[in-house]
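Here the structure is laid out as structure tokens; the discussion comes afterwards.
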Amino acid sequence: GAFARNFLDRLLGAKSNLHHYIVVSNEDHSQKANYENFTFYQFDPTSLSKLKSVSDGYFSQFCIVSDNEKEAVAVYENLRQISTKTETIFMNSWELDEKCKETFASDKHLSVVDIRDIAASRLMDYLPDMPVYADNIGFSEGEIMEVKVPIGSSYMYRHISSVAQKKWRIALIYRGNEIILPRPNLMIQPSDILLIVGDPNVLQNVYRSIKRESGQFPSPFGSNIYTLIDMRSMSKERVGKLIKDSLYVHSKLNNKRLIFRVINPTLGENLETLKAIKEKNILVLMDYFNSDNKSIKDDVLKHDIGLIISDNRYFFKFQKLFYELKIPVLKTGKILLSNVKEGVILGDQSQEVENQSAVITDCCAQLDLEMRF
Numbered sequence: 032g033a034f035a036r037n038f039l040d041r042l043l044g045a046k047s048n049l050h051h052y053i054v055v056s057n058e059d060h061s062q063k064a065n066y067e068n069f070t071f072y073q074f075d076p077t078s079l080s081k082l083k084s085v086s087d088g089y090f091s092q093f094c095i096v097s098d099n100e101k102e103a104v105a106v107y108e109n110l111r112q113i114s115t116k117t118e119t120i121f122m123n124s125w126e127l128d129e130k131c132k133e134t135f136a137s138d139k140h141l142s143v144v145d146i147r148d149i150a151a152s153r154l155m156d157y158l159p160d161m162p163v164y165a166d167n168i169g170f171s172e173g174e175i176m177e178v179k180v181p182i183g184s185s186y187m188y189r190h191i192s193s194v195a196q197k198k199w200r201i202a203l204i205y206r207g208n209e210i211i212l213p214r215p216n217l218m219i220q221p222s223d224i225l226l227i228v229g230d231p232n233v234l235q236n237v238y239r240s241i242k243r244e245s246g247q248f249p250s251p252f253g254s255n256i257y258t259l260i261d262m263r264s265m266s267k268e269r270v271g272k273l274i275k276d277s278l279y280v281h282s283k284l285n286n287k288r289l290i291f292r293v294i295n296p297t298l299g300e301n302l303e304t305l306k307a308i309k310e311k312n313i314l315v316l317m318d319y320f321n322s323d324n325k326s327i328k329d330d331v332l333k334h335d336i337g338l339i340i341s342d343n344r345y346f347f348k349f350q351k352l353f354y355e356l357k358i359p360v361l362k363t364g365k366i367l368l369s370n371v372k373e374g375v376i377l378g379d380q381s382q383e384v385e386n387q388s389a390v391i392t393d394c395c396a397q398l399d400l401e402m403r404f
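Mapping the sequence shown onto the working numbering, position 82 (from 1) lands on 113, and the numbers just tick up by one.
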């Protein structure tokens with residue numbers, strides 16, 4: 032059929048053919064007989080005896096490409112009578128019956144390529160604001176993605192070193208007709224095409240962030256907010272304010288869950304407030320066994336934490352620990368966060384401002400704060 036002819040033409044034109052190919056078809060391909068590494072036979076491949084005469088030796092792979100469903104299935108059945116362990120590629124463009132699906136599913140040496148899925152995937156690539164995935168590389172689960180940096184993106188004019196790359200990496204940059212390998216001091220330009228790799232779920236968040244969809248923070252650092260409360264070292268007033276600030280931030284930011292880790296729990300109003308929380312997106316972890324904050328590192332990894340909330344005194348007491356976590360920390364002040372009206376970005380060097388501005392701007396926008404630079 033037409034598809035098989037197109038496939039054969041592309042195969043003949045490939046410059047990396049190191050194997051010898053046996054081509055069986057009803058059509059006459061004698062004009063192509065002079066191609067090196069190719070041998071052509073013209074007969075009906077549904078004939079087991081004829082097919083066996085040319086395929087009864089060692090083959091590293093069988094490939095079935097046909098425009099006729101019954102013919103394709105018959106060829107598959109013939110090849111399986113010849114060899115049950117040879118790796119086989121089956122091109123499918125039909126809705127196969129249940130018996131055929133069960134047979135194919137039980138064949139560990141069969142790969143079914145559905146050209147309908149491939150065509151649909153390629154069409155999706157042309158739609159605006161759709162991420163482009165590498166379909167035929169790796170696991171094909173979205174771990175390799177291509178994304179174009181639009182004008183106005185928060186990634187514009189930022190150095191690679193200033194982009195937080197947790198569970199993902201910028202592997203390559205296409206700029207015009209140039210291929211650029213990333214380096215820390217390279218600046219991302221408008222209309223650059225970034226080839227990014229990493230966790231598929233993280234890449235989805237990165238894609239939205241690059242496309243300037245507002246309200247993504249705490250992504251790409253993580254998806255949840257974490258508040259550590261030490262009822263032994265913190266006063267009742269500090270604990271109460273920390274709870275209120277955390278609940279307020281949780282109500283504003285685009286996070287999935289708010290997680291309270293309570294160490295040294297002490298009876299009182301604050302403990303009752305935490306126990307009374309029934310919202311499904313808020314998790315309160317009471318720790319009666321650990322009296323220190325050693326669990327914070329494990330919690331950050333286990334719960335995909337993207338933002339930590341701490342009060343002023345606790346932050347400065349354990350600032351080395353917070354620094355080692357490598358994720359944003361929101362340090363609360365004397366007044367409630369709900370009473371803050373304005374956000375300010377301060378920095379003594381342009382590089383520092385560049386590193387933090389996109390994150391701070393997004394966070395302030397979600398908290399309904401006006402920005403001042």
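Every residue, glycine too, gets a C-beta built ideally from N, C-alpha and C.
- At the C-beta level, Ser264 and Ile340 stay beyond 7 Å of one another.
- Judged by pairs of C-beta atoms under 8 Å, the segment 220 to 236 does not touch the segment 302 to 321, as fewer than three such pairs exist.
- If you look at Val233, you'll find it in the alpha helix (DSSP H) that goes Pro231 to Ile241.
- Going by DSSP, Ser266 is part of no alpha helix (DSSP H) at all; its letter is neither H nor E.
- The DSSP-derived three-state label of Val331 is helix.
- Going by DSSP, Lys348 is part of the alpha helix (DSSP H) stretching over Asn343 to Lys348.
- With a cutoff of 7 Å on beta-carbon distance, Met218 and Tyr188 are scored as near each other.
- Rounded to whole angstroms, the separation of the alpha carbons of Lys139 and Leu82 is 22 Å.
- Excluding sequence positions up to five before and after Glu100, its CB lies within less than 7 Å of the CB of Trp125, all in the same chain and listed in chain order.
- Spanning the alpha carbons of Arg147 and Lys272 requires a straight line of approximately 57 Å.
- Scanning the segment 246 to 299 from its first residue to its last, the whole beta strand (DSSP E) runs of 3-plus residues come out as 255 to 261 and 288 to 294.
- With a cutoff of 7 Å on beta-carbon distance, Phe248 and Cys395 are scored as not near each other.
- The three-state secondary structure of Ser56, taken from DSSP, is strand.
- Inter-residue distance for Asn286 and Ile256 is about 7 Å (C-alpha atoms, whole angstroms).
- Taking the Cα of Glu58 as reference, the smallest distance to any Cα among Ala150, His51 and Gln73 is reached at Gln73.
- Put simply, the backbone Cα of Gln62 is about 38 Å away from that of Asn208.
- In the structure shown, the three-state DSSP call for Ser369 is helix.
- Taking Lys116 as the centre and dropping the five residues before and after it, the same chain places the C-beta of His140 closer than 8 Å to its C-beta, in chain order.
- Within a 10 Å sphere around the beta-carbon of Thr297 sit fewer than 16 other beta-carbons, which makes this residue exposed.
- With the rule of 3 Cβ pairs closer than 8 Å, the segment 76 to 91 counts as touching the segment 106 to 120.
- Annotated three-state conformation of Asn208 is coil, per DSSP.
- Counting the other Cβ atoms within 10 Å of the Cβ of Glu373 gives fewer than 16, which makes it exposed.
- As computed with DSSP, Glu303 is found in no beta bridge at all.
- Excluding residues up to 5 positions away in sequence, Val331 lie with their Cβ nearer than 6 Å to the Cβ of Leu356 in the same chain.
- For Ala136, the secondary structure class from DSSP, reduced to helix, strand or coil, is helix.
- The alpha carbon of Tyr319 has as its nearest neighbour, out of Asp329, Ile201, Leu338 and Met262, the alpha carbon of Met262.
- In this chain, the alpha helix (DSSP H) harbouring Tyr107 covers Glu100 to Ile113.
- A Cβ-Cβ distance of about 20 Å is found for the pair Leu338 and Ile366, leaving them out of contact under the 8 Å criterion.
- The beta-carbon distance between Ile327 and Asn301, rounded to whole angstroms, is 19 Å. This is too long to meet the 8 Å contact definition.
- Under the DSSP assignment, Val180 falls outside any beta strand (DSSP E); it carries neither an H nor an E label.
- Between Ile290 and Leu314, the C-beta spacing is below 7 Å.
- DSSP places Val375 in the strand class (E or B) of the three-state scheme.
- Excluding five sequence positions before and after Leu316, the CB atoms of its chain that fall closer than 6 Å to its own CB belong to Arg292, given in chain order.
- In this structure, Gln397 keeps its C-beta atom at 7 Å or more from the C-beta atom of Gly253.
- Our two residues, Asn324 and Val270, have alpha carbons roughly 15 Å apart in a direct line.
- Taken through DSSP and simplified to helix, strand or coil, Asp40 comes out as helix.
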